[in-house]
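These protein sequence lines are chains E and X, in that order. Start counting the first sequence at 1; every next residue gets the next number (my numbering). Start counting the second sequence at 301; every next residue gets the next number (my numbering). Just so you know, even glycine gets a beta-carbon here, dropped at the ideal spot from N, CA and C. Inspection log for the structure reproduced underneath, given as structure tokens.
2 protein chains.
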Amino acid sequence: MRENELIRQVAAFPQTLPDGWLGIGDDCCIWRPGGPTALSTDAIVEGRHFLSSDPPALVGRKAAAAALSDLAAMGARPIGAVVALCCPARWDAAAVMTGLFQELSRHACPLLGGDTTAADQLAITVTVWGEAPAQADGRPGRLLRRSGGKPGDLLIVTGPLGGSFASGRHLRPEPRLAEGAWLASIPWVHALMDLSDGLAADAPKMAAASGCGVLLLPDEVPVHDDVPVMADTARQACCDGEDYELLAAVAPEHWPNLQLAWPFPVPPARVGWLLPEPGAFVEAGGRVIPLPWTGFEHHS
Amino acid sequence: MRENELIRQVAAFPQTLPDGWLGIGDDCCIWRPGGPTALSTDAIVEGRHFLSSDPPALVGRKAAAAALSDLAAMGARPIGAVVALCCPARWDAAAVMTGLFQELSRHACPLLGGDTTAADQLAITVTVWGEAPAQADGRPGRLLRRSGGKPGDLLIVTGPLGGSFASGRHLRPEPRLAEGAWLASIPWVHALMDLSDGLAADAPKMAAASGCGVLLLPDEVPVHDDVPVMADTARQACCDGEDYELLAAVAPEHWPNLQLAWPFPVPPARVGWLLPEPGAFVEAGGRVIPLPWTGFEHHS
């Protein structure tokens, strides 16, 4: 398909924009920001993040969902998205874009522009931005960084982990936008991030950004049904990538309050603690040992 | 190079951010917008927009400059950039990022984040955003679209065209940010865009967005020194891509004022007119004929 024909198809996707905004078709898109704005860019590449045999609409969906997960990871409400599509002729570009658009629409995120070019290998870069939703009392919301954790904070996750690649669930990630916005609105939630490289890799990143160490509790990590029964389930739950659940650092004295107030169907689970000194450890069978797993680095 | 090592190197690039901003290292970057914001994403791919043998720093520079040109095309001042780097091991990723960062820095645009992944083919997607600079009298500035042209408007370009690929100039495009901001500040400049696919392809796009037709004057198009002397120079100046000069639609009665007030070293040149009826034409040897060239579509 020629570039111009694809752009015409994408420009016809149904969406309405607020006054003063400008979407697809000019050199830039335009929007009117209402406050501090969070933005992330996320690339997925054929053969690394999906297979050449995967359905194009699911690949587009994954590209959108993975990017939106970064907004969830700060508690931001999506405002807009643009996409750069580097697409070989053997891929159905319109199907990729349709899957991408539907996932953005499901989260009320308009597609405001993009770029498309031929390539030998399908690569999709989605850039999304958003703002903190206003608080219930009208005060401005908060964008929650990963660097605000404090020693003694409890680490919690929003859902079960592991088995995402083996099961194919990685093509249908669920960006935890509602959970992120809710967590970011609570003052004693101190840090937030999404899990893309596995808890064993990502929790130490939050700890390091917060100037802390970390102790993980593998026996308490909720294991996803996608992890095979016979597997080393704790290791897989801690080390598999692309869960796209959220990891939060919470003041420990409020943990019961968090559980009582939790408004989502899947309950949160505690998976570790932030420590006053650097280092990464696990508690297993009542003993504390250095973290025995290297992080999953699916990007390289 | 491993992803984490590259991120460490890039995070050490020298830049300072305003209070309340957040750069490289979290799930999103954060900035505080001051008004309507323009954003563009632009991808360049090995074998299409540059060669495997091109110097990596120049490839990074081109990726940044091509994206910044889209801000110039609306008169926006750069506020921030993020990059998604899909990079094979045979490319020097750090050199690509250094060239990219230096080009952004030259235009006072901080690099605020990004994503990096392995790939078989180098693809670089740069997303940039910016705001209209305030007017001299303090009034808010204007982001100038390509759709505001009126029948009878003169079409002008900011510099000579053609020969960008053949000469290698396409690796060192000069985003016309100062020219774009200046043009957007003038009320009788009605439409603005940058020339990436050649005047013969891009001028009809501006005309169509403005509900107009277009008459080009190939004999008046300034020809770049990079076009060979023996070439069909008018055709090359109109049809070669990646000039990254700006095209503006100007109220014709103000053309002398524009020339007198023009503050940049390279004078503007008039290259055509917008027409009340649809269609694309050229004037050659005193006769008007349909546009004889199809557009250059270097993206497909």
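Around the beta carbon of Gly320/X, a 10 Å sphere encloses fewer than 16 other beta carbons of the protein chains shown; the residue is thus reported as exposed. For Gly114/E, the neighbours in chain X by C-beta distance under 7 Å run, in chain order, Thr341. Within the same chain, Pro504, Val514 and Leu591 come within 6 Å of Ala580/X by CB-CB distance, once the 5 residues on both sides are set aside.
When secondary structure is reduced to three states using DSSP, Met397/X falls in the helix class. Under DSSP, the beta-bridge partners assigned to Arg287/E are Ala284/E. Counting only the Cα atoms, Thr337/X lies some 30 Å from Ser464/X. By the Cβ rule, the segment 349-360 of chain X does not count as touching the segment 121-141 of chain E, because fewer than three pairs are nearer than 8 Å. Residues are counted here when their Cβ sits less than 7 Å from a Cβ of chain E; for the segment 415-440 of chain X these are Asp415, Thr416, Thr417, Ala418, Ala419, Asp420, Gln421, Ala423, Thr425 and Thr427, given in chain order. Scanning Gln9/E, Cys29/E, Ile7/E and Leu6/E for the CA closest to the CA of Leu17/E turns up Cys29/E. Gly241/E does not reach chain X, its nearest Cβ partner there being about 12 Å away, counting only Cβ pairs nearer than 7 Å. As computed with DSSP, Met193/E is found in a beta bridge with Leu247/E.
Considered as a whole, the segment 143-231 of chain E harbours 154-157, 189-194 and 213-216 as its complete beta strand (DSSP E) runs of no fewer than 3 residues, in chain order. The C-beta of Leu471/X comes no closer than 8 Å to any C-beta of chain E. The alpha-carbon separation between Trp593/X and Arg535/X amounts to approximately 8 Å. In the displayed model, Leu368/X falls within a helix according to three-state DSSP. Counting of Cβ neighbours within 10 angstroms places Ile344/X among the buried residues, the total reaching 16 or more. Against Met530/X, chain E offers no close residue; the least beta-carbon distance is about 31 Å (beta-carbon pairs closer than 9 Å).
If you check the CB distance, Leu144/E and Gly99/E do not come in under 8 Å. In the pairwise beta carbon analysis, the segment 156-171 of chain E is classified as not touching the segment 78-92 of chain E: fewer than three pairs are separated by under 8 Å.
Residues of the segment 320-335 of chain X with a C-beta less than 8 Å from any C-beta of chain E: Gly320, Leu322, Gly325, Asp326, Asp327, Cys328, Cys329, Ile330, Trp331, Arg332, Pro333 and Gly335, listed in chain order.
Beta-bridge partners assigned by DSSP to Thr125/E: Ala43/E and Ala84/E. Look at Thr533/X: its C-beta is not under 8 Å from any C-beta on chain E. The beta carbon of Gly347/X sits closer than 8 Å to those of Gln421, all from its chain and outside the five residues before and after it, given in chain order. Listed in chain order, the positions of the segment 479-497 of chain X with a beta carbon within less than 7 Å of a beta carbon of chain E are Met493 and Asp494.
In the DSSP annotation of this structure, Thr294/E is not part of any alpha helix (DSSP H), being labelled neither H nor E.
The beta carbons of Ser40/E and Leu71/E sit closer together than 8 Å. For Trp255/E, the three-state secondary structure derived from DSSP is helix. In this chain, the beta strand (DSSP E) harbouring Arg270/E covers Ala269 to Leu275. In this structure, the straight-line span from the alpha carbon of Ser485/X to that of Ser69/E is close to 38 Å. Under a criterion of Cβ atoms nearer than 7 Å, no residue of chain X is adjacent to Asp202/E; the nearest Cβ is some 10 Å distant. Shown here, Arg390/X sits in coil according to DSSP, grouped into three states, outside any helix or strand. Looking from the CA of Gly130/E, the closest CA among Gly80/E, Ala65/E and Trp273/E belongs to Gly80/E. If you draw a straight line from the Cα of Leu404/X to the Cα of Leu547/X, it is about 23 Å long.
CA-to-CA, the gap between Ala491/X and His554/X works out to about 14 Å. Close to Val82/E, with beta-carbon spacing below 9 Å, are these residues of chain X in chain order: Leu339, Ser340, Thr341 and Thr427.
Within the segment 146-158 of chain E, the residues whose Cβ lies closer than 8 Å to some Cβ of chain X are Arg146 and Ser147, listed in chain order.
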